[in-house]
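Visitor: Protein chains in written order, with the numbering used here: chain A, 831 to 942; chain B, -8 to 104. We put the CB at the ideal spot given by N, CA and C, even for glycine. Source: prediction; values computed, not measured. Below you will find the structure I want to go over with you.
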């Protein structure tokens, strides 16, 4: 069964600190993996997309990694800011292009 | 200009009523989606339309009926509302059915009393 798991479920860090969020998936055959950020009361916004051949991709202070062999991805946030407080959702698409599976999200709280 | 818009933003109604949520995108995208996000914040896809044609229909009660009058609009009609329908409903669109960056609307919070 195609599944996406994320850890931790929630995370609290102090402003300026780094953190790493994890995503494990069983979706097969794999097409791509996307990280979304969802602010409270808003719809998700795409941060980055990883395809099979990509290991690392950065978007400002956000860096995503992908290990297609172990079916794991991580999202690293550097020098966190209060505005990083949000839910981060991992979404994996299969190679048929039509099925995509959402993870449950990690709720990040950045405190001053 | 708002890319994906939904109306209303909040909807409070009694059990048994029928209600509609409207969605419009001005991005020129071919594909539109409806998602339900429950109290645990889990996003679940409900429907997907490509050029007004239904392409994804997950296991959703037939009280939910999407309607796409044109490819820029995908409305969601819900009959005989139940308490369990309370959730935030998100509309989204993507350029094509295979281009999976989805642009989400602001959500409609539905509360059934």
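So the candidates are A:894, A:909, A:910; which of them puts its Cα closest to the Cα of residue 903 of chain A?
Guide: Residue 903 of chain A has its Cα closest to that of A:894, out of A:894, A:909, A:910.
Visitor: For residue 931 of chain A and residue 922 of chain A, what's the separation of their Cα atoms in angstroms?
Guide: C-alpha separation (whole angstroms): 5 angstroms.
Visitor: Could you pull the start and end residues of the beta strand (DSSP E) that residue 59 of chain B belongs to?
Guide: 55 to 61 is the extent of the beta strand (DSSP E) around residue 59 of chain B.
Visitor: Going by DSSP in three states, residue 913 of chain A sits in which element: helix, strand or coil?
Guide: In this structure, residue 913 of chain A counts as helix in the three-state DSSP scheme.
Visitor: Let's test the definition: count the other Cβ atoms within 10 Å of the Cβ of residue 857 of chain A and tell me whether it reaches 16, buried, or not, exposed.
Guide: Residue 857 of chain A comes out buried.
Visitor: Are the CB atoms of residue 909 of chain A and residue 846 of chain A nearer to each other than 8 angstroms?
Guide: It is a contact, given that the beta carbons lie within the stated cut-off.
Visitor: Answer with buried or exposed for residue 912 of chain A, where buried requires no fewer than 16 other C-beta atoms within 10 angstroms of its C-beta.
Guide: Answer is exposed; the Cβ neighbour count stays below 16.
Visitor: Would you give the residue range spanned by the beta strand (DSSP E) that residue 937 of chain A belongs to?
Guide: 936 to 941 is the span of the beta strand (DSSP E), which, as asked, contains residue 937 of chain A.
Visitor: If the cut is a Cβ gap below 8 angstroms, which residues of chain A does residue 98 of chain B touch?
Guide: Within chain A, the residues near residue 98 of chain B are 871, 872, 873.
Visitor: Who pairs with residue 35 of chain B in a beta bridge, going by DSSP?
Guide: Note: residue 35 of chain B sits in a beta bridge opposite B:27.
Visitor: Write down the C-beta distance between residue 936 of chain A and residue 841 of chain A rounded to the nearest angstrom, noting that I regard them as a contact closer than 8 angstroms.
Guide: Going by Cβ atoms, the distance from residue 936 of chain A to residue 841 of chain A rounds to 6 angstroms, so yes, they are a contact pair.
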